[in-house]
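First residue of the sequence shown? That's 2 in the working numbering, and the numbers climb one at a time after it. Beta carbons: idealized from backbone N, C-alpha and C, even for Gly.
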Amino acid sequence: MTSAREPLADLPRPAGRIPTTTPVWSDETDVILVGTGAAGLAAAVRLLDAGRRVTVITKTEPGDGSTAWAQGGLAAVIGTGDTVDSHIEDTLVAGVGLCERGAVTELVNAAPPMIRRLIDLGAHFDLDRDGRIALGLEGGHHARRIVHAGGDASGAEVARTLAAALATRAESAPSGDFRLRAGSTVVDLRSDGRRVTGVRLIDRDGAVGEIVASAVVLATGGIGQAWDATTNPATATGDGLALAIRAGALLRDVEFTQFHPTVLAVPEAFRRPGDRGVLISEAVRGEGAVLVDRNGELIMKGRHPLADLAPRDVVSAAIHERLMASGDDHLFLDGTGLGQRVWREHFPSILMLCRARGVDPIAEPIPIRPAEHYSCGGVLATLDGRTSMPGLYAVGETASTGVQGANRLASNSLTEALIAGDRVGSRLAARLPTAQRRAGGLTGPGAPEVVPDDRGYAIAAEHRGSIATAVGAGAGILRDEAGLGVLLKSLDGMPVLDHARSAADVEATNLHTIGSVVAAAALHRTESRGCHRRSDHPQPQRRWERHTLLRLGPDGLEISTQRKGS
2 MTSAREPLAD LPRPAGRIPT TTPVWSDETD VILVGTGAAG LAAAVRLLDA
52 GRRVTVITKT EPGDGSTAWA QGGLAAVIGT GDTVDSHIED TLVAGVGLCE
102 RGAVTELVNA APPMIRRLID LGAHFDLDRD GRIALGLEGG HHARRIVHAG
152 GDASGAEVAR TLAAALATRA ESAPSGDFRL RAGSTVVDLR SDGRRVTGVR
202 LIDRDGAVGE IVASAVVLAT GGIGQAWDAT TNPATATGDG LALAIRAGAL
252 LRDVEFTQFH PTVLAVPEAF RRPGDRGVLI SEAVRGEGAV LVDRNGELIM
302 KGRHPLADLA PRDVVSAAIH ERLMASGDDH LFLDGTGLGQ RVWREHFPSI
352 LMLCRARGVD PIAEPIPIRP AEHYSCGGVL ATLDGRTSMP GLYAVGETAS
402 TGVQGANRLA SNSLTEALIA GDRVGSRLAA RLPTAQRRAG GLTGPGAPEV
452 VPDDRGYAIA AEHRGSIATA VGAGAGILRD EAGLGVLLKS LDGMPVLDHA
502 RSAADVEATN LHTIGSVVAA AALHRTESRG CHRRSDHPQP QRRWERHTLL
552 RLGPDGLEIS TQRKGS
């Protein structure tokens, strides 16, 4: 591991913790699961099957979030002519030298059994005319291996299946063994100095409480709301990464932010307040749609051997370059050649979403532009969730397991989330000591009050938009030292509060932390690789075939690098 680079003193200092009013209630359990996407739900099902006491914390309701929005599906080698080696190689190529081969091999081999488990839990995947699982083709894959449901509603089917499985088990669990705290936001992790021991949270009524547990699993999803253009839901505020780094855990490779190349550029007359990016799945290109400019010229011709099905970083960069050169604010995805049957049978959700915004993909090209989509980095973790801190686990998009590298291969993310969630649930069920049972209740007498903390601060919710604008401008598809410097200065100069007044303040503080760590890591990596591109360092460098590590030390952010495989 290399030493930290200068000038760290010029980097903003993310909050060491978020002060709140004193907790007014407490509880305890065996395992706390934060987040209810694919990873969190898969873990919860395994833990309840093993008779563990589980508390699930979610800002919304189980099954909400990015999982339900996933259109493409799950990558798995189950088709005739496909091979494990081919899936591994496609993943490694997409990851541009930063995937961990061992983790990739684990994932690819575990994917087919995970498909079978989902079917056993009640999932209904699309079938071909012979009654076999139908397989789609997406960018970066050399074979049809994308398992999908409802054409383009794969994530919704996975979320439905797991939420139903969890509900069934929760109903039959002994009283008190399963608790769902919906509408609640975790503020910080508890620690005894050696390991994570629980969480502090704000519940749906605005009351601050604490829960003690033997393990905390972070499955909070992505970081997309730190950007002004994203496909992520409003709840994707980077909570897991921010919680982990405040508690002392390592983050890895957070500069690798994937921008999905084809997000609907909604016509102005149809734009709605708060309208999120409408993602147009890569599977549409897999069926023959092509990227063109306003003159009908092919964008990807001659850019990559896979043309329109090149890895996402390549396609997004090509679109960005064409937009900068032309001055246009969007290009087009021409799927008019697919025909009505393909659109209605394979992509009914996309067809409906586009038509609701004034675009008919059957009759006209879809206006598109890239938007932030997925964090390839995250909390340093193994594929069964173990982090650098005892008692703390991270899975799904929250984690950096070595599978995604510098750029994620399409449809590997939902596969990874399910496998990692299932594995962490199995691991904790088998190995975790049961937490000491004690009655919950008030943790302190009298009315709540603010306890000063010189390690922490909060950012007011009203600054959320300013953070997203700054991050979008400074840490977009193409970055440079000057732009990243402006971003860091903007974040460092943002006014702070002495404590969080609400869950919305907690989210804004987390977004401030995400902007800081992404910008710091992007400034540190003086090369272009995968979905991290620097105009002032446009080529990949052999010496940078290393991971970037970040931690929050006593004097602020500390950055180092790590050899692959170490």
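| Check | Outcome |
| --- | --- |
| Hey, would you say L475 sits closer than 8 Å to V487, going by beta carbons? | Sequence check: residue 475 is Gly here, not Leu. In contact: G475 and V487 (Cβ atoms closer than 8 Å). |
| If you reduce the DSSP assignment to three classes, tell me which class A440 lands in. | Interpretation of A440 is limited by its pLDDT of 49, a score under 50 that renders its predicted location unreliable; the figure taken from the coordinates is listed afterwards. The answer is coil: DSSP assigns A440 none of H, G, I, E or B. |
| Rounding to the nearest angstrom, what Cα-Cα distance links A71 and D31 in this structure? | 31 Å |
| Tell me, to the nearest whole angstrom, how far the beta carbon of L122 is from that of T59; I am working on the premise that it is less than 8 Å. | Not really, about 20 Å apart at Cβ, beyond 8 Å. |
| For the alpha helix (DSSP H) containing D314, name the first residue and the last one. | R313 to S327 |
| Verify whether the separation of the beta carbon atoms of F260 and E373 is less than 8 Å. | yes |
| Does DSSP put S536 in a helix, in a strand, or in coil? | coil |
| What is the residue span of the alpha helix (DSSP H) that E101 lies within? | Premise fails: E101 is in no alpha helix (DSSP H) and is neither H nor E. |
| Classify G336: buried if its beta carbon has 16 or more other beta carbons within 10 angstroms, exposed otherwise. | buried |
| Taking DSSP as the reference, what is the three-state secondary structure of W228? | coil |
| Using C-beta distances below 8 Å, list every residue in its chain close to V197, excluding the 5 sequence neighbours before and after it, in chain order. | L190, R191, A216, V217, A248, M390, P391, G392 and L393 |
| Could you work out which residue in S561, D556 and S536 is closest to W545 when comparing CA atoms only? | S561 |
| Compare the C-alpha of D86 against each of E283, N110 and S67 and name the closest. | N110 |
| Suppose contacts are defined by Cβ-Cβ distances below 8 Å. Is A227 in contact with I515 by that definition? | yes |
| Which word fits S185, buried or exposed, when buried means at least 16 other C-beta atoms lie within 10 angstroms of its C-beta? | buried |
| From R54, G98, I363 and D229, pick the residue whose C-alpha is nearest to that of S176; which is it? | R54 |
| If we count Cβ pairs, one from each stretch, closer than 8 Å, do we get three or more for the segment 196-211 versus the segment 349-361? | no |
| Which two residues bound the contiguous beta strand (DSSP E) that contains S561? | G557 to R564 |
| Between P539, A154 and V380, which has its C-alpha nearest E322's C-alpha? | P539 |
| Spatial neighbours of I89 within its chain, please: CB distance less than 8 Å, with the 5 preceding and 5 following residues excluded, ordered by chain position. | R102, V105, T106 and V109 |
| Which value, in whole angstroms, describes the spacing of the CA atoms of E51 and A418? | Here residue 51 is Ala; the residue named in the question, Glu, does not match the sequence. Whole-angstrom Cα-Cα distance: 20 Å. |
| Pick from A95, D481 and A504: whose alpha carbon is nearest that of D537? | D481 |
| Can you round the beta-carbon distance between V497 and A459 to whole angstroms, since I take them to be within the 8 Å contact cut? | 7 Å |
| With 16 as the cutoff for other CB atoms within 10 Å, does D129 come out buried or exposed? | exposed |
| With DSSP as the reference, please indicate the residues paired to R191 in a beta bridge. | G199 |
| Which residue marks the beginning of the beta strand (DSSP E) containing L551, and which one marks its end? | R547 to G554 |
| Using the three-state DSSP reduction, which class does S4 fall into: helix, strand or coil? | In this predicted model, S4 has a pLDDT of only 40, less than 50, meaning its place in the structure is not dependable; the value taken from the coordinates is given anyway. Three-state result, S4: coil. |
| Sort V78, G73 and A135 by Cα distance to A157 and report the nearest one. | G73 |
| With three or more C-beta pairs closer than 8 Å as the rule, is the segment 346-355 touching the segment 299-314? | no |
| Give the straight-line distance between the Cα atoms of R18 and L167, rounded to the nearest whole angstrom. | 32 Å |
| Would you call Q341 buried or exposed, if buried means 16 or more other Cβ atoms sit within 10 Å of its Cβ? | exposed |
| Indicate whether the contact test is met: 3 or more Cβ pairs, each with one atom in the segment 34-45 and one in the segment 363-383, closer than 8 Å. | no |
| From the DSSP secondary-structure annotation, give me the bridge partner or partners of P175. | Answer is none; P175 lacks a bridge partner. |
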